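Read left to right, the sequence shown gives residues 1 to 146 (the UniProt record's numbering).
These notes are about the structure you will find just below.
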Amino acid sequence: MPLITHRKLYEKKNECHIAVGHSGRDKTWAQVKSRFSGIPQQAVSLFINMRDACQIRRSLPKTPCGKPIISIEFLTRLQVDLIDMRSVQYNGFNFIMHVKDHFTKLSWLFSLSSKEARHVAFNLKNIFYTFGPPKILKSDNGKEFV
1 MPLITHRKLY
11 EKKNECHIAV
21 GHSGRDKTWA
31 QVKSRFSGIP
41 QQAVSLFINM
51 RDACQIRRSL
61 PKTPCGKPII
71 SIEFLTRLQV
81 DLIDMRSVQY
91 NGFNFIMHVK
101 DHFTKLSWLF
111 SLSSKEARHV
121 AFNLKNIFYT
131 FGPPKILKSD
141 NGKEFV
């Protein structure tokens with residue numbers, strides 16, 4: 001393995017870094033180690049940390065999207081969604097209404113012939129009459145839920 005002079009050190013580290021596709025410190029170090037001798041790992045780490053292009057590409061730490069939704073008991077929050085099953089309809093039923101309790105993860109499924117508001121409301125009333133109304137009813141605000 002060839003030894004590198006001090007003047008060519010930057011050039012050779014840059015060649016190796018480009019050869020591995022700007023893949024970072026470890027891959028660049030592996031490339032340098034396999035091609036040359038006498039280049040310390042700290043020099044490669046410092047080289048990577050000083051490159052502006054590599055610093056821009058480095059991902060920023062991700063912050064949480066927001067507060068988690070907390071449910072404290074059954075029927076605190078219900079989530080309603082419609083699943084389109086028109087491609088595999090059965091006995092005239094084209095949609096499945098999925099209602100899920102956020103706290104217990106209990107789900108109810110209802111088959112619907114259309115996604116008209118009266119069909120959705122009828123099935124929601126059955127749940128409300130059986131268990132009581134939820135504190136929060138969440139939907140995607142489609143026209144059948146407005």
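Note that CB positions come from ideal geometry on N, CA and C, so glycine has one too.
The structure displayed is predicted, hence computed values, not measured ones.
For residue i, count neighbouring C-beta atoms within 10 Å of its own C-beta (all shown protein chains included) and say buried if the count is 16 or more, exposed if not.
i	result
LEU106	exposed
MET50	exposed
GLN89	exposed
CYS16	buried
ASP101	buried
LYS67	exposed
ASN136	The sequence as given places Ile at residue 136; Asn does not occur at that position. ILE136 comes out exposed.
ILE69	exposed
Write down the C-beta distance between residue i and residue j rounded to the nearest angstrom, noting that I regard them as a contact closer than 8 angstroms.
i	j	result
LEU124	PHE93	Not a contact, Cβ separation roughly 17 angstroms.
LEU24	ILE48	Here residue 24 is Gly; the residue named in the question, Leu, does not match the sequence. About 7 angstroms separates the two Cβ atoms, so the contact holds.
VAL44	LYS12	Actually they do not touch by this definition, with Cβ atoms about 10 angstroms apart.
Can you find the residues in the same chain that come closer than 6 angstroms, C-beta to C-beta, to residue i, ignoring five residues on each side of it along the sequence?
i	result
PRO134	LEU75 and LEU78
ASP81	HIS98
PHE110	MET97 and ASN123
Taking only the alpha-carbon atoms, compute the straight-line gap between residue i and residue j and give it to the nearest angstrom.
i	j	result
LYS27	LYS8	20 angstroms
ILE72	VAL120	26 angstroms
GLN42	THR63	30 angstroms
VAL32	ALA19	10 angstroms
PRO40	LEU46	10 angstroms
ARG86	THR104	30 angstroms
ALA117	CYS65	32 angstroms
Residues in its own chain within less than 7 angstroms of residue i by CB, not counting five upstream and five downstream?
i	result
TYR10	none
Excluding sequence positions up to five away, which residues of its chain have a Cβ less than 8 angstroms from the Cβ of residue i?
i	result
PHE131	PHE74 and LEU75
My parser needs the beta strand (DSSP E) runs of 3 or more residues fully inside the region 80 to 133; what are they? Unbroken beta strand (DSSP E) runs of no fewer than 3 residues, entirely contained in the region 80 to 133, are found at 95 to 101 and 107 to 112, following chain order.
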